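Residue numbers (our numbering), protein chains in the order written: chain A, 832 to 1683; chain B, 2 to 103; chain C, 3 to 250. Cβ coordinates follow ideal geometry from the N, Cα and C atoms, glycine included. Just so you know, these numbers come straight off a predicted model, no measurement behind them. Below is one structure; the comments refer to it alone.
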Amino acid sequence: MTDATTTLEQDDARAQPSVKAADIAANPPQRALRLHRELDEVWSDLPGWRGFFTSVNHGTIGLRFMATAFVFFAIGGVLAMLIRAQLATRNGVFLDNDLYSQIFTMHGSIMMFLFAIPLLEGLALWLLPKILGARDMAFPRLSALGYFCYLFGGTVIVLSLLFGAAPDGGWFMYVPLTDKTYSPGVNADVWLLGVTFVEISAMAAAVEITVTILRCRAANMPLTRMPLMGWYLLGTSVMMLVGFPPLILGSILLEVQRAFDWPFFDVGRGGSPMLWQHLFWLFGHPEVYIIFLPAAGALSTIIPVLSRTKILGYGALVAAVIGLVFLSFGLWVHHMFTVGIPHMALAFFSAASALVAVPTAVQIFAWIGTMWEGRVQFRLPMLYIMGFFATFVMGGLTGVMLAMVPFNWQAHDTHFVVAHLHYVLIGGFVFPMLAAVAYWMPLICGRWRVRGLGEAAFWLIFIGFHGTFFIMHLTGLVGMPRRVGVYPDNPEWEWLNLISSIFGMIQSAGFALFAFDVIMQWMFGRRSWRNPWQAPTLEWAMPLPAPSYNFASLPGPRQPDAGSILPLARGEGLLPGAPRGWRETVVVEPGTGRPQHVAVLASNTALPVATSAAIGSFFAMMLAGFYWVAPLGILATLIVAWKWGAIMGTDRDHPPADVAPGIRLPLHWQVRNTLAYTGAVALLVADATLFASLLFGVGFLAVVAPNWPAPESGIATWPMLAVSLGALAAMALGTVASRLAEQRRADPSLRVWTRLGLISTGAGLVLLGVIGVWLDDPTRHARDALRGATLGFAVVHGVIALMLALRADLDARTGRISAERRGAVPVWQLFQLFWLGTSAVSLALILVQEVL
Amino acid sequence: MVWLLRALAGPVLWAALFSLVYALHGTGCGLGWTDRPVLFTDLHHIAMWVAWLAGLALHVVLVLTMPVGSGRARTVTAAGAWIGLVASVFTLFPVVVTSTCF
Amino acid sequence: MLAVPLLTACNGPLSTLNPSGPVALEIARLWWAMLIGAGLITAMVMVMLILAIRRGPMLTEGNTSERRWIYGWGLGFSLSVLTVLLAFALWVGERMLARDDGAVTVQAQASQWTWRFVQPGPGGQPVMTEGVLYVPAGQPFDVAITSTDVIHSFWVPQLGGKMDAIPGHPNLHRLMADEPGVYEGQCAEFCGRGHPFMRFEVVAYDPAGPLPDFASITGPMVEPAFPEDVSGFEGTGQTEIPAQESSE
Ligand code: HEM
Ligand SMILES: [Cu+2]
Ligand SMILES: [Cu+2]
């Protein structure tokens, strides 16, 4: 065991005298090679191109995410070079204004949505099971589904450039510029549909990361002893669950406005462009922290290892993460300081923006303190970490400046902001990620790097970066706005831009060299030792490169860290091998980490790629403007989703699995609180945020938008009320039936309840349809459009509930539900309840609107 | 897990209070509450002050009651309660210093 | 060698570092103060970092080091700096708001990709112009900003910060020019193809002297952003508009 490991141990023993991790006896040792063969057979991908379409293994998918993200980074980087080439002189002629708009919009959108977010998702997918001591993520098929949505969506977005149809409204797509009147082409649709399609992968990753961290940790690893990376990614994923829905809602509303003329953002008919800005930045600011947190997690992991000590202030860092997660949702208006909001409201957000610097400062000083306590080893990742400090501190400080309202009024929308955002994004995300790549490369490819190249790449990037962006602060202060491709009347800006452009090329050369270095390491590096950094965390408790199954036996209290590599390989940990020929991992209680059951995970399947193709067909038809055939895409999606459900259950009881001496745990089919259940709860958290954003829209437009009150509603009040209450009653009946179905699951009456649930859910949907027919024309006024949207929300959830009811009914009939097995019924209950709850709130809201 | 929820109580209260005061501010400016004198000031100020002070009082209660456990769990629960309190003081103190609807 | 281009850039017609009115001046001061502070903090953190790397390992007793780094620097230092800065910035901001104090109101209406203005002309009568806004120097004026199509932003860096022109949401923006002169302005919010060219000028004239020639245009009058503010043109309070001299 390394010295770092021991100090970590001691520290925690000191920190937690009362909580004694319960011991779990070791399994008898076996031959490591035999275990390896047995597991690899079960866990490895199919060979060749079939592997590409069918792999669901987190190692494969995570790496693929990261590799794809770096490809998009290269594309975004090429666009950046085009921008810099254009701006190098004041009359740059080689991009016209239309093309320039496309290029900067695509640069920003690619960097944010196709590079930064997917890269962190990939890192999380690849790293989490390894560092937490599990064999895979909680939902392997979901990882693959996310990947293909990302790949297909990203490809379409990038290809649009070749057809001159790329988005051109800036990466925040402000309406009215992006509505049909001012952007009649397909450009804006590419952004709205493409990004939403890609965001499916973000939502999938968010659900998955949350569940994995809470429930797929090493046995008896309490949250308080989880590696800090776990806390950081937990913060990230919760932020994604709550942060992305406003954007998704906004994109849907704007696309509906563009396609069907529903006036959510049209001032003439009671909408407001400000609603878009609020929804966008409600997502957009947390987004920055979503990007920063995983990078900070990597820093908190790497810095203590390369300082040969333990991290300073574990508890304080966890608190800082909590602080960041919350505070970052209270800052969004700082992107809107110039839209005419009164000073007091600006002051709230200015103060919150200043305050968010405090948890950031806590982290910075904790890292410096860690290095102060330890003995810093100047190896390549450390170099990038120095790059991080030198860059991010300045970016943070300019961020605080921009949070000061009066200064923001001058600097907003100038190149000062462009400089600031690159200082935080490249300083706070790219440098730490490059450090992370350098640090984890040996685990990825089992090889050690080629000497010298990495350092050269670092210096090129570092010098190039500061040369490009430092002076750009001044470019902004002397008046150059962002998003202009020519500035014929301002020769005084020219030399500033020329310097930025020259250094920009140096920086790109650095990134190219970095990529070259990684490829060289992959192909020609010498074989690496085990645990080359002598790190304590569990991802190093495995041979290099990491095997497909991660751990031959899963770590428990007797195999707490990287020092346990041999006992784990010999099967002394939990659940050794793959005795049943399935992919299995241990699921724990979220807080204490007590093992609860064994989850049987999915193995190679083409279902995810088929599903994303089905979803993609819907988006493609919307993009092509074939609105009336687009429902076919939804139908296709439902069909694949049905298949998905069909393979999830089992029609017989399985004996419990031997996990460790004296510990036998049930398989997941025979427990209620499965990973899927936790996942459904996480998904509903996101769903509830989407609904809350919609309610925010209703309230916001009613109070702020001009041209209210809306015209007299043509709805016949009493019949409408009767039908609405009837729909609610049907939903309530379905909810009750789903509960009874679970309670009576061992009983023949089970089938009555599932059938009743199915019928009442169907009836609820039909009544919603009646309401839809009676609603006022949604193109008339934003109020009517919002009512249409609310109804649409209810219908979508009705369809989901109906699918689940159908599943439960069929399961009941085919014997997949029994005293021991509950099938999809618990999840069906959740969705029924959610459908009922949100619909009741919507109805109450509409009643209030009518009465007032 | 319960200790984690306790750690989140303070920040959640901040989020609720922040949204409430922001909403009161917007509604007040929209409905002209600044023109309705109450005591030595106007309805708009009074509404926001009452909400703010009540929230701060709740925060103090959380700071006193939320920390539990020992070791790291205690650090985090205590820190959570304090984060909430400091955030509510710091981000909402403009209700007593800046002008309302300009 | 760099000094000359640096000075020309800083004194350029669109530079925020070349303030010509109280609002811009206050903001420029805030900027210089923040720059000094940020420079010092950056230097301090870098020194700490270098020291942390240079010195050998010497484990301090666990709690003291945590107290020093987390509570001392992380919380104490950052919170106090931020509190002072925030208070200062709010105080600066508070004094540059447009209030109901009878300042001259002019209208600015943005459209893809021109600016139309309405300002008090000869005899206090509203005059409509395109691309040039005429205001009296030495006294505050409010710009009532609207848009007829997409979002734009009204920005005259030498006079003060920017304010967006948003359809359906008129905004009021307070500015002032200390001296008579011509100040350049531009649209700061991306508004489509013509965005780089959406420039305008603000001509500040001496209110005591003769009125300048208003390069007026005809056409449908710009709608007043705040109908009740039209009275501003009657010259309430200090806005005494001298009768036009025949300027030949
Ligand atoms: C390779 C180095 C990079 C260079 C030289 C560069 C250059 C630029 C420039 C000059 C602009 C301003 C365009 C304009 O306003 O006209 C810009 C905008 C932007 N960049 Fe970068 N960039 C680089 C890397 C990145 C990275 C790594 C990210 C994010 C992770 C990023 C995110 C953005 C965003 C979000 C915008 C705003 C786009 C918009 O205004 O819609 N950039 N970049
Ligand atoms: Cu932000
Ligand atoms: Cu513009």
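*Length of the line joining the Cα atoms of A:Val1429 and A:Gln1501*: As a working note, residue 1429 of chain A is residue 598 in the first sequence. As a working note, residue 1501 of chain A is residue 670 in the first sequence. Between A:Val1429 and A:Gln1501, the C-alpha separation is close to 10 Å.
*asked:* When you measure from the CB of C:Phe192 to every non-hydrogen atom of ligand 3, does any distance come out below 7 Å?
replied: Here the question's residue 192 of chain C lines up with position 190 in the third sequence. For ligand 3, at least one heavy atom lies less than 7 Å from the Cβ of C:Phe192.
*For ligand 1, enumerate in chain order all residues having a CB closer than 5 Å to any of its heavy atoms.*
Those satisfying the condition are, in chain order, A:Gly908, A:Ala911, A:Ile914, A:Phe935, A:Gly939, A:Met942, A:Ala947, A:Gly1001, A:Trp1002, A:Val1249, A:Leu1256, A:Arg1313, A:Arg1314 and A:Gly1335.
*If you measure from the beta carbon of C:Ala100 to each beta carbon in chain B, is any gap under 8 Å?*
Counting from 1 along the third sequence, the entry for residue 100 of chain C is found at position 98. Yes, C:Ala100 counts as interfacial toward chain B.
*Give me the Cβ distance between A:Leu1676 and A:Val1529, rounded to the nearest whole Å; I'm assuming they're in contact under 8 Å.*
Here residue 1676 of chain A refers to the residue found at position 845 when the first sequence is read from its first residue. Here residue 1529 of chain A refers to the residue found at position 698 when the first sequence is read from its first residue. Yes, they are in contact, since the Cβ atoms of A:Leu1676 and A:Val1529 sit about 6 Å apart, within 8 Å.
*Buried or exposed: C:Leu4, going by 16 or more other Cβ atoms within 10 Å of its Cβ?*
Position 2 of the third sequence, counting from 1, holds the residue named residue 4 of chain C. So C:Leu4 counts as exposed.
*Just the Cα atoms here: how many angstroms apart are A:Ala1488 and A:Arg1389?*
Against the first sequence, residue 1488 of chain A aligns to sequence position 657. Against the first sequence, residue 1389 of chain A aligns to sequence position 558. Their Cα atoms are separated by approximately 20 Å.
_Residues bridged to A:Tyr1270 (per DSSP)_ = As a first step, residue 1270 of chain A must be located in the first sequence, where it is residue number 439. BP columns for A:Tyr1270 are empty, so no partner.
*Quick one: residues in its chain with C-beta nearer than 8 Å to the C-beta of B:Thr99, no 5 flanking neighbours on either side, listed in chain order?*
If you number the second sequence from 1, residue 99 of chain B lands on position 98. Closer than 8 Å at Cβ, skipping near neighbours: no residue.
_Quick check on this structure: which residue in C:Arg56, C:Arg101 and C:Tyr185 has the alpha carbon closest to the alpha carbon of C:Phe156?_
By one-based count along the third sequence, residue 156 of chain C stands at place 154. That would be C:Tyr185, whose Cα lies nearest to the Cα of C:Phe156.
*asked:* With the cut-off set at 8 Å, would you say A:Gln1365 and A:Arg1278 are in Cβ contact?
replied: Taking the first sequence and counting its residues from 1, one reaches residue 1365 of chain A at position 534. Taking the first sequence and counting its residues from 1, one reaches residue 1278 of chain A at position 447. Going by beta carbons, A:Gln1365 and A:Arg1278 fall outside the 8 Å limit.
*When every heavy atom of ligand 3 is checked, does at least one fall within less than 7 Å of the C-beta of C:His197?*
Taking the first residue of the third sequence as 1, we reach residue 197 of chain C at position 195. C:His197 Cβ: within cutoff of ligand 3.
*asked:* Any beta carbon of chain F sitting closer than 8 Å to that of C:Gln141?
replied: The displayed structure is made up of protein chains A, B and C, and chain F is not among them.
_Partner residues on chain A for C:Glu203, Cβ-Cβ distance less than 9 Å_ = Position 201 of the third sequence, counting from 1, holds the residue named residue 203 of chain C. Within chain A, no residue has its CB atom less than 9 Å from the CB of C:Glu203, the nearest being about 12 Å off.
*Taking 8 Å as the CB-CB cut-off, is A:Leu1667 touching chain C?*
Locating residue 1667 of chain A in the first sequence gives position 836, where the first residue counts as 1. Not closer than 8 Å to any Cβ of chain C, the Cβ of A:Leu1667 fails to qualify, so no.
*asked:* Runs of 4 residues minimum, wholly inside the region 863-933 of chain A: which ones carry the alpha helix (DSSP H) assignment?
replied: Whole alpha helix (DSSP H) segments, 4+ residues: 863-874, 879-885 and 889-918.
_Proximity below 8 Å, CB of C:Ala112 to CB of C:His175_ = As a first step, residue 112 of chain C must be located in the third sequence, where it is residue number 110. As a first step, residue 175 of chain C must be located in the third sequence, where it is residue number 173. Going by beta carbons, C:Ala112 and C:His175 fall outside the 8 Å limit.
_Under 8 Å, Cβ to Cβ, is there at least one residue of chain B near A:Gly1146?_
Numbered from its first residue, the first sequence carries residue 1146 of chain A at position 315. Yes, its Cβ sits closer than 8 Å to a Cβ of chain B.
*State the DSSP-derived secondary structure class of C:Leu213, mapped to helix, strand or coil.*
As a position in the third sequence, residue 213 of chain C is number 211, starting the count at 1. Three-state result, C:Leu213: coil.
*Per the contact definition of three or more C-beta pairs closer than 8 Å, is the region 1589-1609 of chain A in contact with the region 1517-1525 of chain A?*
They do not touch, by the three-pair rule.
*Since C:Thr116 is in the beta strand (DSSP E), which residue starts that stretch and which ends it?*
Along the third sequence, one-based indexing puts residue 116 of chain C at 114. Annotation: the continuous beta strand (DSSP E) that includes C:Thr116 extends over Thr116 to Pro122.
*Quick one: complete alpha helix (DSSP H) runs, 4+ long, within the region 1345-1401 of chain A?*
Complete alpha helix (DSSP H) runs here, min 4: 1396-1400.
*asked:* Distance cutoff 8 Å, beta carbons only. Does A:Tyr1005 sit that close to anything in chain C?
replied: Locating residue 1005 of chain A in the first sequence gives position 174, where the first residue counts as 1. Closer than 8 Å: yes.
*Specify whether the region 193-208 of chain C and the region 84-97 of chain C touch according to this definition: at least 3 beta carbon pairs, one from each stretch, less than 8 Å apart.*
Three or more beta-carbon pairs separated by less than 8 Å are not found between the region 193-208 of chain C and the region 84-97 of chain C, which leaves the two stretches without contact.
*Three-state secondary structure (DSSP) at A:Thr779?*
Absent from the model: residue 779 of chain A. The displayed extent of chain A is 832 to 1683, so no value can be given.
*Does any CB atom of chain A fall closer than 8 Å to the CB of C:Met165?*
Along the third sequence, read from residue 1 onward, the residue named residue 165 of chain C stands at position 163. Output row for C:Met165: interface = yes.
*If we ignore side chains and look at the alpha-carbon of each, how far apart do A:Met1634 and A:Leu1599 end up?*
The residue you call residue 1634 of chain A lines up with position 803 of the first sequence. The residue you call residue 1599 of chain A lines up with position 768 of the first sequence. Taking the straight line from one Cα to the other gives about 16 Å.
*asked:* How far does the alpha helix (DSSP H) with A:Arg1495 in it extend, from its first residue to its last?
replied: Numbered from 1 along the first sequence, position 664 holds the residue referred to as residue 1495 of chain A. No alpha helix (DSSP H) contains A:Arg1495, which is instead part of the beta strand (DSSP E) from Ile1494 to Leu1496.
*Is B:Phe41 close to chain C, meaning its C-beta is less than 8 Å from at least one C-beta of that chain?*
Locating residue 41 of chain B in the second sequence gives position 40, counting from the first residue. No - not a single Cβ of chain C is within 8 Å of the one on B:Phe41.
*Can you find a C-beta in chain C that's less than 8 Å from the C-beta of A:Ser991?*
Position 160 of the first sequence, counted from the start, is the residue given in the question as residue 991 of chain A. It does not: the Cβ of A:Ser991 has no partner Cβ on chain C nearer than 8 Å.
*Kindly say whether B:Ile47, judged by its beta-carbon, lies nearer than 8 Å to any beta-carbon of chain A.*
Taking the second sequence and counting its residues from 1, one reaches residue 47 of chain B at position 46. No, B:Ile47 lies away from the interface with chain A (no Cβ there is under 8 Å from its Cβ).
*According to the neighbour-count rule (16 or more other Cβ atoms, all chains shown, within 10 Å of its Cβ), is B:Gly29 buried or exposed?*
For the purposes of this step, residue 29 of chain B is taken as residue 28 along the second sequence, with counting starting at 1. B:Gly29 should be labelled buried.
*What are the start and end residues of the alpha helix (DSSP H) that includes A:Glu1323?*
Walking along the first sequence from the start, residue 1323 of chain A turns up at place 492. Per DSSP, A:Glu1323 belongs to no alpha helix (DSSP H) and is neither H nor E.
*asked:* What does DSSP give as the partner residue(s) for A:Cys1276 in the beta ladder?
replied: Position 445 of the first sequence, counting from 1, holds the residue named residue 1276 of chain A. Note: A:Cys1276 sits in no beta bridge, so no partner.
*Which same chain residues, not among the five before or five after A:Arg1313, have their C-beta less than 7 Å away from its C-beta?*
Within the first sequence, numbered from 1, the residue matching residue 1313 of chain A stands at position 482. Leaving aside the five residues that flank A:Arg1313 on each side, the residues in its chain whose CB is nearer than 7 Å to its CB run, in chain order, Asp1244, Thr1245, His1246, Val1248 and Val1249.
*Environment of B:Pro68 [buried if 16+ CB atoms lie within 10 Å]*: To locate residue 68 of chain B, count along the second sequence from 1; it is residue 67. By the 16-neighbour rule on beta-carbons within 10 angstroms, B:Pro68 is buried.
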